[in-house]
Amino acid sequence: MLPTVDFCGIDVTRLIIGANPFGGYSHQNPERDAEMVSYYTVERIIETWGRAEAAGINTMITNNETPHVLEAVDQYLSNGGVLQWIAQVSGSKSPTMFHAIDAAVESGCKGMYFHGGAVDKLFDEGKDVETLTSWLEHAQSQGVFAGVAGHDPRVHRWVDSLDVADFHAVCFFNCGSLHSGKGEKFYLGDAPEAARCAAEIQKPCIGYKILGAGRIEPRMAFEFAFENIKTTDVVNVGMHRGDNDNMVEENVAIVEGILAG
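Structure representation (structure tokens):
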């Protein structure tokens, strides 16, 4: 069985199923994006969550903006789906970030974190503590735990120094706007520093993009992540069943084997 950890007050399996493939965010190329969107209908997303449940995963992460993914979340939760939902909130399609927070809470999330691009921007534009704190406090006031994502360890160390976030979602590749040269760049040398950052932060962490958006062999990626993050941390992995229908079950089996020693 997949082991769980106490993550901000709820039991979370150390493998979380992510959702970038559901929304067509391949971080590879437009053709790959389109392939994922075509494959992942609402029905197939819900089916994938059911297979994750059966395999032993108990938590999912999705964004709060892609319409067909949100439709799947609403159908899944309203029909008794048991996966716990952690929302990734960016606010780019809402009047304000506060509206986006309220909508995710209303839809039934257990916790949320703010999109790495949004938090990177606050850091890059003068370390905007006031805005970051207002987002986190607004979410926390509604009874959910709230954290931050970020593509650069510098961002996480800044937020950690403020002691305002409940957890951190640490990207293993600095593929965002703060990377040297900016844009979709995946440099293998980023991963060790990201893993060190997650290990050093005392708050719970979610490691994400540990497979480099499909660029790294799964067993190698899982072994590296679990050998380097804290034993109280978890990983979030998107799974495109269009490549391999049994990907969910195979990933669970890999993680179970690694964590069993």
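Each residue of the sequence shown is one higher than the one before, counting from 162 in our numbering. All C-beta atoms in this analysis are idealised placements derived from N, C-alpha and C, irrespective of residue type, glycine included.
- Take the alpha-carbon of Phe259 and the one of His299: they are about 7 angstroms apart.
- Around the Cβ of Arg376, a 10 Å sphere holds fewer than 16 other Cβ atoms; the residue is exposed.
- Following the DSSP letters along the chain, one finds Asn224 inside the beta strand (DSSP E) bounded by residues 220–224.
- Contact between Thr220 and Ile247 holds, with the beta-carbon distance rounding to 6 angstroms and staying under 8 angstroms.
- In the structure shown, Gln236 falls within a helical segment according to DSSP collapsed to helix, strand and coil.
- Contact between Ala374 and Phe347 is confirmed by a C-beta separation of about 7 angstroms, below the 8 angstroms threshold.
- Val320 and Gly304 have their C-alpha atoms some 21 angstroms from each other.
- Within the model, the alpha-carbon separation for Asn405 versus Val266 is close to 33 angstroms.
- Look at Val305 here: in three-state DSSP terms it is coil, with no helix or strand label.
- Ranked by Cα distance from Phe275, the first of Ala326, Pro228, Asp235 is Ala326.
- Taken in chain order, the complete alpha helix (DSSP H) segments of 4 or more residues contained in the region 234–274 are 258–268.
- Residue pairing from DSSP places Cys366 in a beta bridge opposite His329.
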